[in-house]
Amino acid sequence: NPPFSTQTMDLYSPLIAALPPLSTLTSIATLSTTLALTLSLEHDTGGLTLPYFSDTGKELPESAVFALGLTLSGGLFGISGILLWFILRDKHLGPHARRCANVAVVCCVGAAVCLSCLATLDTRHYPNAHLYSAILFFVFAAVYIILNTIALHSLRDEADDRART
(Lines of atoms letter the chains of each structure in order from A and count residues from 1; the text may use other names and numbers.)
(Lines give C-alpha, C1' and ligand atoms only; values in the text may rest on other atoms or scores of the structure.)
Protein backbone atom coordinates (compact mmCIF):
# COMPACT_ATOMS: atom_id res chain seq x y z
CA ASN A 1 0.00 0.00 0.00
CA PRO A 2 1.18 3.56 -0.65
CA PRO A 3 2.19 5.37 2.57
CA PHE A 4 -0.85 7.68 2.61
CA SER A 5 -3.51 5.30 1.26
CA THR A 6 -6.80 4.96 3.10
CA GLN A 7 -5.90 1.45 4.31
CA THR A 8 -2.55 2.60 5.68
CA MET A 9 -4.03 5.69 7.33
CA ASP A 10 -6.86 3.66 8.90
CA LEU A 11 -4.23 1.32 10.34
CA TYR A 12 -2.57 4.26 12.08
CA SER A 13 -5.83 5.91 13.24
CA PRO A 14 -5.19 5.23 16.96
CA LEU A 15 -1.76 6.87 16.70
CA ILE A 16 -3.22 9.80 14.78
CA ALA A 17 -5.96 10.16 17.41
CA ALA A 18 -3.29 10.28 20.14
CA LEU A 19 -1.38 13.19 18.58
CA PRO A 20 -3.70 16.09 19.58
CA PRO A 21 -3.82 15.07 23.26
CA LEU A 22 -0.06 14.50 23.16
CA SER A 23 0.39 18.00 21.74
CA THR A 24 -1.81 19.42 24.50
CA LEU A 25 0.05 17.51 27.23
CA THR A 26 3.38 18.72 25.79
CA SER A 27 2.14 22.31 25.99
CA ILE A 28 0.89 21.88 29.56
CA ALA A 29 4.15 20.24 30.66
CA THR A 30 6.17 22.97 28.96
CA LEU A 31 4.20 25.81 30.51
CA SER A 32 4.23 24.15 33.95
CA THR A 33 7.99 23.63 33.77
CA THR A 34 8.74 27.17 32.60
CA LEU A 35 6.43 28.63 35.26
CA ALA A 36 8.13 26.55 37.98
CA LEU A 37 11.56 27.64 36.73
CA THR A 38 10.57 31.31 36.51
CA LEU A 39 9.19 31.34 40.05
CA SER A 40 11.94 29.22 41.62
CA LEU A 41 14.72 31.27 40.00
CA GLU A 42 12.89 34.49 40.95
CA HIS A 43 13.02 35.82 37.40
CA ASP A 44 11.05 38.88 36.33
CA THR A 45 7.29 38.24 36.31
CA GLY A 46 6.27 41.72 35.24
CA GLY A 47 5.13 42.53 38.77
CA LEU A 48 2.55 39.73 38.73
CA THR A 49 2.39 36.87 41.21
CA LEU A 50 1.79 34.51 38.29
CA PRO A 51 3.28 35.80 35.04
CA TYR A 52 1.71 35.67 31.60
CA PHE A 53 2.64 32.37 29.98
CA SER A 54 4.74 34.13 27.36
CA ASP A 55 6.75 35.86 30.07
CA THR A 56 7.85 32.50 31.47
CA GLY A 57 9.95 32.03 28.34
CA LYS A 58 11.96 35.23 28.21
CA GLU A 59 15.02 34.33 30.30
CA LEU A 60 17.39 31.36 30.31
CA PRO A 61 16.98 28.50 31.14
CA GLU A 62 13.17 28.87 30.80
CA SER A 63 13.40 30.26 27.27
CA ALA A 64 15.11 27.09 26.03
CA VAL A 65 12.44 24.86 27.59
CA PHE A 66 9.69 27.17 26.28
CA ALA A 67 11.08 27.16 22.73
CA LEU A 68 11.71 23.42 22.60
CA GLY A 69 8.45 22.35 24.23
CA LEU A 70 6.09 24.61 22.31
CA THR A 71 7.88 23.97 19.02
CA LEU A 72 7.46 20.24 19.63
CA SER A 73 3.81 20.82 20.52
CA GLY A 74 3.30 22.84 17.33
CA GLY A 75 4.91 20.09 15.29
CA LEU A 76 2.66 17.43 16.82
CA PHE A 77 -0.38 19.64 16.21
CA GLY A 78 0.57 20.24 12.57
CA ILE A 79 1.36 16.58 11.88
CA SER A 80 -1.95 15.47 13.39
CA GLY A 81 -3.85 17.92 11.19
CA ILE A 82 -2.05 16.80 8.05
CA LEU A 83 -2.60 13.11 8.83
CA LEU A 84 -6.27 13.72 9.54
CA TRP A 85 -6.53 15.52 6.20
CA PHE A 86 -5.05 12.44 4.47
CA ILE A 87 -7.78 10.34 6.09
CA LEU A 88 -10.54 12.79 5.11
CA ARG A 89 -9.18 13.19 1.59
CA ASP A 90 -10.32 9.72 0.58
CA LYS A 91 -13.67 9.81 2.35
CA HIS A 92 -16.98 10.60 0.64
CA LEU A 93 -17.21 14.28 1.56
CA GLY A 94 -19.52 16.68 -0.20
CA PRO A 95 -17.94 19.68 -1.97
CA HIS A 96 -18.55 22.05 0.96
CA ALA A 97 -17.09 19.63 3.52
CA ARG A 98 -14.13 18.92 1.23
CA ARG A 99 -13.39 22.66 0.96
CA CYS A 100 -13.66 22.93 4.74
CA ALA A 101 -11.17 20.07 5.17
CA ASN A 102 -8.76 21.62 2.65
CA VAL A 103 -8.83 25.06 4.27
CA ALA A 104 -8.65 23.45 7.72
CA VAL A 105 -5.35 21.69 6.97
CA VAL A 106 -3.84 24.97 5.73
CA CYS A 107 -4.98 26.68 8.94
CA CYS A 108 -3.56 23.82 11.01
CA VAL A 109 -0.14 24.17 9.40
CA GLY A 110 -0.36 27.96 9.82
CA ALA A 111 -1.19 27.52 13.51
CA ALA A 112 1.72 25.09 13.97
CA VAL A 113 4.16 27.51 12.33
CA CYS A 114 2.85 30.43 14.41
CA LEU A 115 3.12 28.42 17.64
CA SER A 116 6.73 27.59 16.78
CA CYS A 117 7.41 31.27 16.02
CA LEU A 118 5.90 32.52 19.27
CA ALA A 119 7.86 29.83 21.11
CA THR A 120 11.20 30.94 19.70
CA LEU A 121 10.60 34.71 19.51
CA ASP A 122 10.55 35.72 23.18
CA THR A 123 8.73 38.74 24.59
CA ARG A 124 11.92 40.46 25.68
CA HIS A 125 13.74 40.56 22.32
CA TYR A 126 10.86 40.28 19.82
CA PRO A 127 7.71 41.55 21.54
CA ASN A 128 5.80 42.48 18.37
CA ALA A 129 6.70 39.33 16.43
CA HIS A 130 5.77 37.24 19.48
CA LEU A 131 2.43 39.03 19.84
CA TYR A 132 1.51 38.71 16.16
CA SER A 133 2.52 35.04 16.17
CA ALA A 134 0.34 34.43 19.23
CA ILE A 135 -2.67 36.17 17.71
CA LEU A 136 -2.28 34.33 14.40
CA PHE A 137 -1.81 31.01 16.21
CA PHE A 138 -5.13 31.38 18.03
CA VAL A 139 -6.98 32.58 14.92
CA PHE A 140 -5.60 29.77 12.73
CA ALA A 141 -6.24 27.16 15.45
CA ALA A 142 -9.83 28.33 15.99
CA VAL A 143 -10.59 28.32 12.25
CA TYR A 144 -8.96 24.88 11.95
CA ILE A 145 -11.11 23.45 14.73
CA ILE A 146 -14.34 24.95 13.36
CA LEU A 147 -13.73 23.83 9.76
CA ASN A 148 -12.56 20.37 10.78
CA THR A 149 -15.65 19.98 12.93
CA ILE A 150 -17.83 20.86 9.94
CA ALA A 151 -16.03 18.33 7.73
CA LEU A 152 -16.18 15.57 10.35
CA HIS A 153 -19.84 16.30 11.11
CA SER A 154 -20.61 16.04 7.39
CA LEU A 155 -18.82 12.68 7.27
CA ARG A 156 -20.83 11.42 10.24
CA ASP A 157 -24.11 12.58 8.68
CA GLU A 158 -23.27 10.77 5.45
CA ALA A 159 -22.43 7.58 7.35
CA ASP A 160 -25.76 7.84 9.20
CA ASP A 161 -27.60 8.27 5.89
CA ARG A 162 -25.87 5.18 4.43
CA ALA A 163 -26.72 3.15 7.54
CA ARG A 164 -30.41 4.02 7.23
CA THR A 165 -30.59 2.82 3.61
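Numbering (full-length UniProt numbering), first residue to last: 1 to 165.
Ideal placement from N, C-alpha and C gives every residue a C-beta, glycine not left out.
Just so we're clear, the structure is a prediction, and the values are computed from it rather than from any experiment.
Sub-8 Å separation of residue i and residue j beta-carbons
{"i": "Thr120", "j": "Ser54", "result": "no"}
{"i": "Thr34", "j": "Ser73", "result": "no"}
{"i": "Thr30", "j": "Phe77", "result": "no"}
{"i": "Ser116", "j": "Thr149", "result": "no"}
{"i": "Leu88", "j": "Ala151", "result": "yes"}
{"i": "Ser80", "j": "Pro20", "result": "yes"}
Residue i versus residue j: straight-line alpha-carbon distance, rounded
{"i": "residue 171", "j": "His96", "result": "The question about residue 171 has no answer here: the residues shown for the chain are numbered 1 through 165."}
{"i": "Phe137", "j": "Val103", "result": "15 Å"}
{"i": "Val106", "j": "Leu147", "result": "11 Å"}
{"i": "Thr24", "j": "Gly75", "result": "11 Å"}
{"i": "Val143", "j": "Trp85", "result": "15 Å"}
{"i": "Pro51", "j": "Leu131", "result": "16 Å"}
{"i": "His43", "j": "Arg156", "result": "50 Å"}
{"i": "Gly46", "j": "Ile16", "result": "39 Å"}
{"i": "Leu11", "j": "Thr49", "result": "48 Å"}
{"i": "Ala64", "j": "Leu39", "result": "16 Å"}
{"i": "Thr56", "j": "Leu22", "result": "21 Å"}
{"i": "Ala18", "j": "Ile28", "result": "16 Å"}
{"i": "Ala129", "j": "Ile145", "result": "24 Å"}
{"i": "Tyr126", "j": "Gly69", "result": "19 Å"}
{"i": "Leu60", "j": "Leu41", "result": "10 Å"}
Within-8 Å CB hit, residue i to chain D
{"i": "Val65", "result": "Here chain D cannot be found, since the structure has a single protein chain."}
Proximal residues to residue i (C-beta, below 8 Å), its chain only, five neighbours per side dropped
{"i": "Ser154", "result": "Leu93, Gly94, His96, Ala97, Cys100"}
Cut-off 7 Å between Cβ atoms - residues of its own chain near residue i, not counting five sequence neighbours on either side
{"i": "Phe140", "result": "Cys107, Gly110, Ala111, Cys114"}
Neighbourhood of residue i by C-beta, 6 Å cutoff - its chain only, sequence neighbours within 5 removed
{"i": "Ala134", "result": "Leu118"}
{"i": "Lys58", "result": "Asp122, Thr123, Arg124"}
{"i": "Leu37", "result": "Glu62"}
Taking the runs of the alpha helix (DSSP H) that are 4 residues or longer, which of them lie wholly in the UniProt domain "CWH43-like N-terminal" (19–158)?
62–89, 95–120
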